[in-house]
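So the structure is just underneath, and the comments pick up after that.
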Amino acid sequence: MANKQTADVLIVGAGPTGSTLGVDLARRGVKVRIIDRNPQSFPGSRAKGIQPRSMEVLEDLGAIEDILSAGSIYPPLGIHIGPIRVPKKMMKIASATDAVPYPNTWLIPQFSTDAIIQRQLAPWGVQVEHNTQLVSLTQDDAGVTAIIDGPDGAVTERFQYVVGADGGSSKVRQQLDIAFPGKTDESDRMIIVDCKVEGLGRNHWHVWPWLKGAFAGACPLPNSDLFQVMIRLKPGEEPKLDAASLNTRWAKQTGSSRFRLYDIQWTTVFRPNIRLAEHYGRGRVFLAGDAAHVHTPMGAQGMNTGIQDAYNLGWKLGQVLAGAPADLLNSYEDERQPIAAGVLGVSTAKYEALGKLDPSAISRGKDEQQLSITYRAGPLGALEQEGSDKLRPGDRAPDARLQDTTGKPTRLFEALRGPHFTLLAYGPGAAADLAAVAWAGQGAPLKRVAIDAGPSAFSDLCLADAAGSFREGYGVDQSVLLLIRPDGYIATFAVHDRVATIENFAARVTAQA
């Protein structure tokens, strides 16, 4: 078996997490290989809600138009109580604001999300290798040796880094011998089916609540004639998944034989797992997505947390491969593990409320949207202490409504889009500092943006805050330099000693001479 290096980073698992990481690394010029043991992309609807923060990530990666076209706003609930259907809003439909362009959870089946993200790999010459699995891995100070078994047999190859995005039963996590504490409740299971449903309208998410935690539901999947059907099983019940048995079970749960299931596309029996890996990696090997944390299905949290794991890890791997200090990668676990722990709490509380017929089980709000995620307490956010009354280092950088030099409307997110750091100079005083900031030539470049800076600013882009949108959203009323990380979080908020503050942070995340 040949021992060669075909890529810088091996990604094991091609779901939303692995594919997101692949796109982010590839656009940074990193040679990436993505393998997946399955013969094809995931065929089911399983994770069907994309949260506002993940929508922003997908915009940055170039996928947002396809995501919007393939999905929809969640429909209102239709709660069936005997022959009566009671309408109920599951979540308040919000309008976009200057700071939040995607304010609502977006309904889209996972098979569509997978396909859309994977299409972003093609321009970079990356293709998912199906029917290909990791056999084993070993690592040393210089890299990782992996044995990979594919259609042409097993080969041994070298990589700089390996990322396991291979789900709750992660082979990568097992190879690292990282504990995965938590629980799997075999007594509390749910059948999930993608199929057509005779007699059901598509303008509601239909639910049939019963006492003692019994539950059935049918959510219409956008841009299709399919529903995602859910049937909660009794403890110890052994379900049959053929069409006749499913219809018998469905009729019993809904109390009606009118709503026939047919043209069944995909079925599974879901068991609620609540687990969090003790570590997010070891040495040159990392875990992301379900390999690091698994959740109940309530609240649409698991896939979104995985996508954002990838978005956090991608720029850090890119920077270290370009010569930045290797300890930058330590911040991945420090930042993301506490987020997953908090998300597990939200998701678990929702699922437990479902069993008690608590209305909070089906309500959705700010806790699920992941816009308030902050890395303030992390090792990078704690480097700098300055901020405004609204934002501090480690917080999500809000969008803002601005104008270019011709007066044409634009958005701050358009300036942030891409695999670069962004240095925002607000006010003439800060704009004068733009040229003075030194930046490494390797790795992610620095885009210099002046806002309300006057005509002589040295920048890649000059913008005007004519409506006060940036000033209001960022809480600024004086000259300030803000460095925005490639994943859209504030790195520094420099009011005093502006150039030194930026360069001190840069020393932690860029290659040094």
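All the letters of the sequence shown, read from the start, carry residue numbers 3 to 515 under the working numbering.
C-beta: ideal position from N, C-alpha, C; glycine also.
Looking only at its own chain, which residues have a Cβ that is under 7 Å from the Cβ of residue i, when we skip the five neighbours before and after it?
i    : result
E188 : R273
A326 : G445, V511, T512 and A513
L485 : F423, L425, A493, T494, I504 and F507
Assuming the contact rule is C-beta atoms closer than 8 Å, residue i and residue j should be a hit. Round their C-beta distance to whole Å, please.
i    : j    : result
V14  : V146 : The pair is not a contact, with the Cβ atoms about 11 Å apart (cut-off 8 Å).
R286 : Q162 : 7 Å
L426 : V451 : 5 Å
V511 : L330 : 6 Å
A446 : Q310 : The pair is not a contact, with the Cβ atoms about 18 Å apart (cut-off 8 Å).
L263 : V345 : Actually they do not touch by this definition, with Cβ atoms about 32 Å apart.
Can you tell me the Cα-Cα spacing of residue i and residue j, whole angstroms?
i    : j    : result
Q122 : R175 : 27 Å
T2   : L373 : No answer is possible for residue 2: it lies beyond the span of the chain, which begins at 3 and ends at 515.
A16  : R413 : 32 Å
A144 : V11  : 13 Å
Q480 : G470 : 13 Å
S333 : N225 : 40 Å
A216 : D179 : 38 Å
V497 : A379 : 20 Å
G201 : I95  : 27 Å
D244 : K254 : 16 Å
T407 : I504 : 26 Å
G170 : S259 : 36 Å
D391 : S43  : 46 Å
P41  : G127 : 20 Å
R48  : Y491 : 29 Å
G291 : A312 : 8 Å
L465 : G429 : 11 Å
Y282 : A438 : 37 Å
W317 : P421 : 8 Å
A28  : M192 : 38 Å
A440 : A509 : 10 Å
D154 : L436 : 53 Å
L139 : L228 : 41 Å
G383 : T307 : 19 Å
G20  : E388 : 35 Å
L463 : P411 : 14 Å
I341 : G304 : 11 Å
Per DSSP, which one or two residues make a beta bridge with residue i?
i    : result
V501 : Note: V501 sits in no beta bridge, so no partner.
Q112 : In the DSSP output, where bridge partners are listed per residue, Q112 has none listed.
D196 : Q230 and W268
V157 : I150
A466 : Q405
I51  : Note on residue identity: the sequence assigns Gly, not Ile, to residue 51. Answer by DSSP bridge pairing, in chain order: L109.
N249 : Beta-bridge pairing links N249 to no other residue.
L178 : Paired residues: none, contrary to the question.
F44  : Looking at the DSSP assignment, F44 forms no beta bridge with any residue, so it has no partner.
R35  : L12
A218 : W210 and I233
A427 : A452 and L483
So is the beta-carbon of residue i under 7 Å away from any non-hydrogen atom of the ligand FAD?
i    : result
A509 : Absent from the structure shown: the ligand FAD. Ligands present: none.
Using three-state DSSP, classify residue i as helix, strand or coil.
i    : result
V146 : strand
P89  : strand
D454 : coil
T19  : helix
N225 : coil
K94  : coil
Q120 : helix
I492 : strand
S71  : helix
Keeping to the same chain, check which residues put their C-beta closer than 6 Å to that of residue i; ignore five residues upstream and five downstream.
i    : result
R487 : A493
D401 : A101, P103, R413, L414 and F415
W1   : There is no way to answer for residue 1, as the model of the chain reaches only from 3 to 515.
Q371 : Q53 and P54
E61  : none
R419 : D62
Once the 5 residues before and after residue i are set aside, which same chain residues still bring their CB inside 8 Å of it?
i   : result
K50 : L109, I110, P111, Q112, C221, L223, Q230 and A302
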